[in-house]
Every structure is written in C-alpha cells, then in structure tokens.
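Numbering (the numbering used here), first residue to last: 2 to 211. Backbone N, C-alpha and C fix where the C-beta goes; we use that ideal spot for every residue, glycine too. Only a predicted model underlies this, so the values are computations on that prediction, with no experimental measurement involved.
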Amino acid sequence: MRATVYYGRPWVVAGYLSTCNQTANNPWIDQIIFMLREKKFSPGGNLIDLGAGPGTSILKTMTVLNLKEFTLVDSSKEALKMVNEIYGRHLKFETVLADLQTEKIAVPSDYFDLATSFSTMIYLDSIKNLIEETARVLKIGGFFGLNCLFHDDGCKKPHHHLTNFEVSFYDHCWKYFRQEIGKNRLQIVDYKDLERENEAHHRAVLLQKF
Ligand SMILES: C[S@@+](CC[C@H](N)C(=O)[O-])C[C@H]1O[C@@H](n2cnc3c(N)ncnc32)[C@H](O)[C@@H]1O
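So, in structure tokens, the structure goes:
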C-alpha cells in the first residue's frame, strides 16, 4: 500500500517514491547530486527541469536537495498530464509546455538556482536553444546538471537510433558542446563518465553560470 503523502513535504515524498520504485537505476542523478554537494550547493532554492517527462528523475533530485520550488518543462502534453496526475496532489510545482529545441520557455530570466536535464539532450537534433535558454533562466552562480551520450571529438558515428544522424553527431560532440556553453556564460565545473557505449561517453556534467 502506498504511503500517505502531503503537499510540499519532500521528506514524505521520498517515502512515497521509494514505495513506487520510481527512481531506480539512474546513477547520473546520484552523480549530479554528489557533485552539487561537493560544490556546497545550498538547499532551499528554485529548480527547473528540462525534459522532465513524467517527473521521475526530478522528484528524486528535489527531494534529496530539499528544493523549495520547481518547474517541469517538456514538449509532451501527455508527460506533463501524467506528472500532474501522479504528483499534483502531493507536491507544489509548475508545468510548462515547450519544445526545447526551438522555443523560449515561459519563465523569467535569472530566476533559477538549479537547472537539470536528465536523459533528454540525446533526443534533440540541436542543443543550441536548450543551452541558450538554460543560461537565460539561471541566476549567476546557478548550476546546470545534465547527462548525455557525448561523441568523442571527431567521431563520425551516430550514437543513438532516435536522433538524426548528421545533426546529432554535430550537436552531441563534446567539443561542440563545450563551444556552445562557452558562448552562453556557462562553464563546466565537474563531469564524470558513467559507462562507455560504443564510441560515445555517457557523461554526467555539472555546469555553472558566471
Ligand atoms: C528519456 S525521457 C527523460 C525524462 C526524465 N528527464 C527522466 O530522466 O526520467 C526524455 C524526455 O525528453 C522529452 N523531450 C524530447 N524532445 C523534447 C523537446 N524537443 N522539447 C522538450 N522535451 C523533449 C520527452 O518528452 C521525454 O519526456
């Protein structure tokens, strides 16, 4: 039987999530949380999650980091409907519908302490807009944690069957990623390879806006 949960109380939600087994097998989230703690990330801030899906990953992050306000963004109406149905009665959050490849996200600039994007960049043909939008919405000093399969620089093979060959090669190349973040006042503060899949690195990366 599921535990009774209450609106806005992350420590209770943690119990709820463990009964649902919603957060199994996502070591990249543990890695990002570890890195944030190493960087003395303060609890209690605002979080935006890009490509939240049904909320599985981000609820773990906000619970563990004791965040106070959070916004979930996705291009899938179904996913956002699901997250509202599953967690809406228990947690306070906003959902925002946006195509992260092309659209501005309807949220203020310089507002969030933390942005996350778990297992989502890989689905985009271009990461340019996502990086620009993340840099816009983060406060200076705010963090951006993500995971993605990155090509080695110069690798010419596709790394994911769901993405377009040419564009995804270009955009998910580590060198291109670093160039793009450099244009947007973001810098890498930590990263770690999680496993190797063919010629791509599955990498958890922590960035900070300067
Ligand atoms: C593999 S799921 C990851 C969900 C969640 N972050 C997690 O870790 O459980 C990828 C998510 O990216 C979203 N997505 C894919 N393309 C998108 C786009 N262009 N704009 C916004 N979201 C997108 C999908 O709808 C899906 O919810």
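Give me whichever residues DSSP pairs with Gly146 in a beta bridge. Locating residue 146 in the sequence shown gives position 145, where the first residue counts as 1. Looking at the DSSP assignment, Gly146 forms a beta bridge with Thr117 and Leu207.
Taking C-beta to C-beta, are Met122 and Leu147 nearer than 8 Å? To locate residue 122, count along the sequence shown from 1; it is residue 121. To locate residue 147, count along the sequence shown from 1; it is residue 146. Yes; because the gap between Cβ atoms is below 8 Å, this pair is in contact.
Have a look at Leu68 and Ile87 and give me their C-alpha separation to the nearest angstrom. Mapped onto the sequence shown, residue 68 falls at position 67. Mapped onto the sequence shown, residue 87 falls at position 86. Straight-line Cα distance between these residues: approximately 19 Å.
Measuring only between beta-carbons, confirm whether Thr64 sits less than 8 Å from chain C. In the displayed structure, chain C is absent; only one protein chain is listed.
Give the C-beta separation of Phe239 and Leu195 to the nearest angstrom, bearing in mind that I take them to be a contact with Cβ-Cβ under 8 Å. Missing from the structure shown is residue 239; the chain here goes from 2 to 211 and no further.
In chain order, what residues of the same chain lie with their CB nearer than 6 Å to the CB of Leu187, ignoring the 5 residues before and after it? In the sequence shown, residue 187 corresponds to position 186, counting from 1. Here the set comprises Ala136, Leu208 and Lys210.
Determine, using beta carbons only, whether Ala99 and Ile106 come nearer to each other than 8 Å. Taking the first residue of the sequence shown as 1, we reach residue 99 at position 98. Taking the first residue of the sequence shown as 1, we reach residue 106 at position 105. Contact flag set, yes.
Specify, as a first and last residue, the run of the beta strand (DSSP E) that Thr96 falls within. Taking the sequence shown and counting its residues from 1, one reaches residue 96 at position 95. Unbroken beta strand (DSSP E) run through Thr96: Glu95 to Leu98.
Could you tell me if Thr103 is buried or exposed, where buried requires 16 or more neighbouring beta carbons within 10 angstroms of its beta carbon? Translated into the one-based positions of the sequence shown, residue 103 becomes position 102. With fewer than 16 Cβ atoms within 10 Å of its Cβ, Thr103 is classed as exposed.
Within the present structure, is the beta-carbon of Thr72 separated from the nearest heavy atom of ligand 2 by less than 7 Å? Only ligand 1 can be found as ligands here, which leaves ligand 2 out of the picture.
Strand pairing of Glu70, partner residues [DSSP]: Within the sequence shown, numbered from 1, the residue matching residue 70 stands at position 69. Paired residues: Asn47.
Under 8 Å: do the segment 75-84 and the segment 51-66 share three or more Cβ pairs, one atom per stretch? yes
Among Tyr177, Leu66, Asn130 and Glu134, nearest to Phe151 - alpha-carbon criterion: The residue you call residue 151 lines up with position 150 of the sequence shown. Minimum Cα distance to Phe151 is reached at Tyr177.
How would you write the range of the alpha helix (DSSP H) that Pro55 sits in, first residue to last? Reading the sequence shown from its first residue, position 54 is the one you call residue 55. Run containing Pro55: none; DSSP gives neither H nor E here.
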